[in-house]
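Remarks on the structure that follows.
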Amino acid sequence: MLPERRSAVSSNLNPSGQNDHSFILRRGKKFGRIVKLKLSHFIFFFVSLFFFSCIFSGHKLLFHGSEFSPHFEQKSYTKSHMFTSKLDIVSNKSNIEKPHGSKKRTKHLPCEVALAGSVNYILEPKEYMDLKPFSLGFVERETYDKPRFGGHQTLKERERSYSATNQTIHCGFVKGSNGFDLSEKDKAYMNKCLVSVSSCIFGNSDFLRRPATKKISEFSKRNVCFVMFLDEQTLLKLASEGHVPDKEGFVGLWRTVVVRNLPYNDMRKTGKIPKFLSHRLFPSSRYSIWIDSKMRLTTDPMLIIEFFLWRTKSEFAISNHYDRHCVWDEVLQNKRLNKYNHSAIDEQFMFYRSDGLKKFDPSDPKLPLPSYVPEGSFIVRAHTPMSNLFSCLWFNEVDRFTSRDQLSFAYTYLKLQRLNPDRPLRLNMFKDCERRALTKLFHHRVDSSPPSPPA
Numbered sequence: 001m002l003p004e005r006r007s008a009v010s011s012n013l014n015p016s017g018q019n020d021h022s023f024i025l026r027r028g029k030k031f032g033r034i035v036k037l038k039l040s041h042f043i044f045f046f047v048s049l050f051f052f053s054c055i056f057s058g059h060k061l062l063f064h065g066s067e068f069s070p071h072f073e074q075k076s077y078t079k080s081h082m083f084t085s086k087l088d089i090v091s092n093k094s095n096i097e098k099p100h101g102s103k104k105r106t107k108h109l110p111c112e113v114a115l116a117g118s119v120n121y122i123l124e125p126k127e128y129m130d131l132k133p134f135s136l137g138f139v140e141r142e143t144y145d146k147p148r149f150g151g152h153q154t155l156k157e158r159e160r161s162y163s164a165t166n167q168t169i170h171c172g173f174v175k176g177s178n179g180f181d182l183s184e185k186d187k188a189y190m191n192k193c194l195v196s197v198s199s200c201i202f203g204n205s206d207f208l209r210r211p212a213t214k215k216i217s218e219f220s221k222r223n224v225c226f227v228m229f230l231d232e233q234t235l236l237k238l239a240s241e242g243h244v245p246d247k248e249g250f251v252g253l254w255r256t257v258v259v260r261n262l263p264y265n266d267m268r269k270t271g272k273i274p275k276f277l278s279h280r281l282f283p284s285s286r287y288s289i290w291i292d293s294k295m296r297l298t299t300d301p302m303l304i305i306e307f308f309l310w311r312t313k314s315e316f317a318i319s320n321h322y323d324r325h326c327v328w329d330e331v332l333q334n335k336r337l338n339k340y341n342h343s344a345i346d347e348q349f350m351f352y353r354s355d356g357l358k359k360f361d362p363s364d365p366k367l368p369l370p371s372y373v374p375e376g377s378f379i380v381r382a383h384t385p386m387s388n389l390f391s392c393l394w395f396n397e398v399d400r401f402t403s404r405d406q407l408s409f410a411y412t413y414l415k416l417q418r419l420n421p422d423r424p425l426r427l428n429m430f431k432d433c434e435r436r437a438l439t440k441l442f443h444h445r446v447d448s449s450p451p452s453p454p455a
């Protein structure tokens, strides 16, 4: 049929029998069909490419977590576990931003935390504070020629300090030592704080992360002290970046407090002073929250205290580590990443093992803690005598050994519990995903020439 149609058309157009025009027409129609065919293939290729890219993007969204794709929130545990093995990840309703694209960071996601709806709905429980109080004093002076901030605690004094009885112990701030000097104005401000949230930046180690003002209630803005400890060098650096304190020393909610004469050359060890000794820096405070400078607080502090302390009847709350639970593994990781002098780590580890520290056994139903390694960037505590004692003991281990406080946490806690069976520390070790739901995590400031591990 098709050749006959071509001939008929050709004869009508060229009655004289000449076929020039029919040849051109046939070539034109053939060329048109080829163009249409190639164009259709071209369109089909791009449609296919777009289709497969959508599928690929969909898998990535699922991989990054259900909070970014509500359609997947009701999927079964088995399907979600394909992307989140070895993790405890549940659907999240917080305002945490999408984690960075590296595989290491996408493993650890926030989870839902059932906070009270408002500070108007919470109330401190009656008789919440220490049921078996004891008097805890602190060594203020020593007779040594070269005084140290942490003092010169003997092994005998160290052993005795683990008893929850009326006693005077080393807990930093030994007079005559070079260290952690504050102005009288700052001391007066801190002495009035009943609830404190604190952090620190020393040696330009980080950026300033201001608490999310819209997430903090007016009650907490009036009644909670937000204190950021800085050295003079860091204060100048932050000011050059636009964080200039006002006349009262405030940058947003943070009340900046300048520390002079830092007691340690190791900035990490200096940072343990406000981290562990909030009961000494805020002597009138009943509760305190420590938040690392790499994090921004995105939750009202009173709701945090109610959830982790009041609701669980705890006096000290800290999250477990997101990856490691055994001190043996933490030792290897610190040495692998050169976090500290290897010989110093070995000395500390051998000391703890000789004093009874055992490996973490997840199959043991009588484990006193869900993990022997904490994620120490977020701590909530009531300033009870037992909580204060634990904080002092933990600080003394850091002062005596390395600044890697995750190595000394389990030893300090287990020894304190073992020696005081009638007065245990009421410690709440919560999930790391809960910590991530209440804060926003950032990277530390990158140092172009990081220092070598301390000797």
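Each residue of the sequence shown is one higher than the one before, starting from 1 at the first, in UniProt numbering.
We put the beta carbon where it would ideally sit given N, CA and C, even for glycine.
Everything numeric in this text was worked out from a predicted model, so none of it was measured.
A direct Cα-Cα distance of roughly 13 Å separates Ser-319 from Thr-439.
For Tyr-287, the enclosing beta strand (DSSP E) starts and ends at 287–291. Counting every other CB atom within 10 Å of its CB across the protein chains shown gives Ile-169 a total of 16 or more, marking it as buried.
In this structure, the CA atom of Ala-116 is about 18 Å from the CA atom of Tyr-287.
As for any beta strand (DSSP E) of minimum length 3 sitting wholly inside the stretch 312–356, the runs are 316–320, ordered along the chain. Judged by DSSP secondary structure, Met-295 falls within the beta strand (DSSP E) whose first and last residues are 295–297.
Nearest C-alpha to Tyr-264 among Met-295, Gly-249, Ile-289, Asn-178: Asn-178.
In the structure shown, the three-state DSSP call for Lys-440 is strand.
Annotation: Thr-154 to Glu-218 spans about 47 Å, alpha carbon to alpha carbon. DSSP places Glu-375 in the uninterrupted beta strand (DSSP E) bounded by 374–382. Ranked by Cα distance from Leu-414, the options Cys-433, Asp-399, Leu-393, Phe-401 are led by Leu-393. Taking the Cα positions, His-279 is about 7 Å away from Asn-388. Counting C-beta pairs closer than 8 Å gives three or more between the stretch 409–429 and the stretch 159–173, which meets the contact rule. When C-alpha distances from Ile-304 are compared across His-108, Leu-109, Ile-122, the shortest belongs to Ile-122.
Below 8 Å, too few C-beta pairs join the stretch 331–349 and the stretch 145–152 to call them touching: fewer than three. About 14 Å separates the CB atoms of Lys-221 and Leu-194; that is not less than 8 Å, and the two are not in contact. Under the DSSP assignment, Trp-254 falls in the beta strand (DSSP E) whose first and last residues are 254–258.
Separation of Asn-223 and Gly-271 (C-alpha to C-alpha, rounded to the nearest whole angstrom) is 25 Å. If you draw a straight line from the Cα of Ser-118 to the Cα of Gln-233, it is about 39 Å long. Val-380 is not a Cβ neighbour of Ile-273, given a cutoff of 8 Å.
For Asn-396, no beta strand (DSSP E) run applies; the uninterrupted alpha helix (DSSP H) run containing it begins and ends at 385–400, by DSSP. Apart from the 5 residues on each side of it in sequence, Ser-408 sits with its Cβ closer than 6 Å to the Cβ of Glu-397 in its chain, given in chain order.
Put simply, of Ser-354, Glu-315, His-383, Asp-405 the residue whose alpha carbon is nearest the alpha carbon of Val-373 is Asp-405. By the neighbour-count criterion, in which a residue is buried when 16 or more other Cβ atoms sit within 10 angstroms of its Cβ, Tyr-144 is exposed. Ranked by Cα distance from Ala-317, the options Leu-427, Lys-431, Pro-147, Phe-138 are led by Leu-427.
Thr-384 is the residue among Cys-200, Arg-400, Tyr-340, Thr-384 whose C-alpha sits nearest the C-alpha of Ser-284.
DSSP places Phe-138 within a strand segment (E or B) once states are collapsed to three. When DSSP states are grouped into helix, strand and coil, Cys-433 belongs to the helix group. The straight-line gap separating the alpha-carbon atoms of Ser-198 and Asn-420 is approximately 30 Å. Under the three-state reduction of DSSP output, Val-195 falls in the strand class. For Gln-167, the three-state secondary structure derived from DSSP is strand. The three-state secondary structure of Met-190, taken from DSSP, is helix.
When Cβ pairs closer than 8 Å are counted between the two stretches, the stretch 229–243 is seen to touch the stretch 198–207, the count reaching three or more. Taking the C-beta atoms as reference points, Met-190 is found nearer than 8 Å to Leu-281. Of the other Cβ atoms in all chains shown, fewer than 16 fall within 10 Å of the Cβ of Leu-367; this residue is therefore exposed. For the options Lys-215, Pro-125, Lys-247, the alpha carbon positioned closest to that of Lys-185 is the one of Lys-247.
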